[in-house]
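Have a look at the structure below, then the notes.
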Amino acid sequence: DGGITQSPKYLFRKEGQNVTLSCEQNLNHDAMYWYRQDPGQGLRLIYYSQIVNDFQKGDIAEGYSVSREKKESFPLTVTSAQKNPTAFYLCASSILYSPQGFTSTDTQYFGPGTRLTVL
Amino acid sequence: GQQVMQIPQYQHVQEGEDFTTYCNSSTTLSNIQWYKQRPGGHPVFLIQLVKSGEVKKQKRLTFQFGEAKKNSSLHITATQTTDVGTYFCAGIQGAQKLVFGQGTRLTINP
Numbered sequence: 001d002g003g004i005t006q007s008p009k010y011l012f013r014k015e016g017q018n019v020t021l022s023c024e025q026n027l028n029h030d031a032m033y034w035y036r037q038d039p040g041q042g043l044r045l046i047y048y049s050q051i052v053n054d055f056q057k058g059d060i061a062e063g064y065s066v067s068r069e070k071k072e073s074f075p076l077t078v079t080s081a082q083k084n085p086t087a088f089y090l091c092a093s094s095i096l097y098s099p100q101g102f103t104s105t106d107t108q109y110f111g112p113g114t115r116l117t118v119l
Numbered sequence: 001g002q003q004v005m006q007i008p009q010y011q012h013v014q015e016g017e018d019f020t021t022y023c024n025s026s027t028t029l030s031n032i033q034w035y036k037q038r039p040g041g042h043p044v045f046l047i048q049l050v051k052s053g054e055v056k057k058q059k060r061l062t063f064q065f066g067e068a069k070k071n072s073s074l075h076i077t078a079t080q081t082t083d084v085g086t087y088f089c090a091g092i093q094g095a096q097k098l099v100f101g102q103g104t105r106l107t108i109n110p
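In the order they appear, the protein sequences are chains R and W.
Position 24 (the first sequence) corresponds to 24 in our numbering; numbering is contiguous.
Position 14 (the second sequence) corresponds to 14 in our numbering; numbering is contiguous.
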């Protein structure tokens with residue numbers, strides 16, 4: 001059964017603690033992404049990765065870190081430096097393709113999300 | 001940087017009424033994608049538009065991509081309660097990441 005999974009579904013953290021959110025995909029997708037969604041808001045890009053051992057900052061990378069040691073996995077660490085971490089975190093993956101000489105992303109498949117609450 | 005603006009932010013309709021959400025980019029897009037997020041769920045891909053002036057239909061949903069490839073719209077005819085959710089557009093400007101609009105949250109009075 002192919003797809004993208006995130007765990008845990010709900011996560012509670014004490015202020016000042018780091019926490020790691022898991023994201024795994026078995027779709028053989030090249031690219032993986034992390035987004036943050038606040039209530040009533042759109043999706044904001046935290047980090048993305050197009051290839052193993054490489055990743056780029058998105059629009060709101062401060063206070064977050066990622067790794068891409070395997071194609072299937074793209075964990076996100078929310079560090080104590082993130083001032084307002086309570087949010088819904090979504091992981092996504094996609095195929096990259098080059099139709100006209102530049103790389104573009106195809107459909108993004110989203111995981112079910114992790115709802116992080118800082119107590 | 002690239003920005004994608006989406007309006008309205010909220011829309012409440014009576015069941016059976018039509019609904020439209022609009023998406024505008026500050027720059028020309030190579031393509032645009034539309035996603036739907038049900039309450040409590042995650043975004044699910046609906047469609048991708050690539051060509052200037054393109055129009056695509058999925059049953060009661062009609063998607064348009066502007067001639068200048070800077071705007072797009074989603075129109076739902078005769079809404080049903082199953083249409084409830086937040087609709088997002090997302091644009092690509094020749095880069096490898098999507099830029100999402102803020103979304104339009106649709107609620108329906110049965």
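By construction, the Cβ of each residue, glycine as well, lies at the ideal position given by its N, Cα and C atoms.
- The Cβ atoms of W/Val44 and W/Lys36 lie closer than 7 Å to each other.
- Two segments are said to touch when three or more pairs of C-beta atoms, one from each, lie closer than 8 Å; by this definition the segment 107-116 of chain R does not touch the segment 53-69 of chain W.
- Within chain W, the residues placing a beta-carbon under 7 Å from that of R/Pro112 are His42, ordered along the chain.
- Think of a sphere of 9 Å around the beta carbon of W/Leu29: no beta carbon from chain R falls inside it, the nearest being about 11 Å out.
- Apart from sequence neighbours up to five positions away, the residues of its chain that approach R/Ser67 with a beta-carbon distance below 7 Å are Pro75, ordered along the chain.
- One finds Gly42 in chain R with Cβ atoms closer than 7 Å to the Cβ of W/Gly103, taken in chain order.
- From the beta-carbon of W/Gln48, the residues of chain R found nearer than 9 Å are Asp106, Thr107.
- Across the segment 28-53 of chain R, CB contacts with chain W closer than 9 Å involve Ala31, Tyr33, Tyr35, Gln37, Gly40, Gln41, Gly42, Leu43, Arg44, Leu45, Tyr48, Gln50, in sequence order along the chain.
- Only residues of its own chain outside the window of five on either side were considered, and among them Thr20, Thr62 have a CB closer than 6 Å to the CB of W/His75, listed in chain order.
- Close partners of R/Leu116 in chain W (Cβ separation under 9 Å) are lacking, with about 15 Å as the shortest Cβ gap.
- Annotation note: the segment 32-95 of chain W contains the following uninterrupted beta strand (DSSP E) runs of length 3 or greater, listed N- to C-terminal: 44-49, 55-58, 61-65, 71-76, 85-92.
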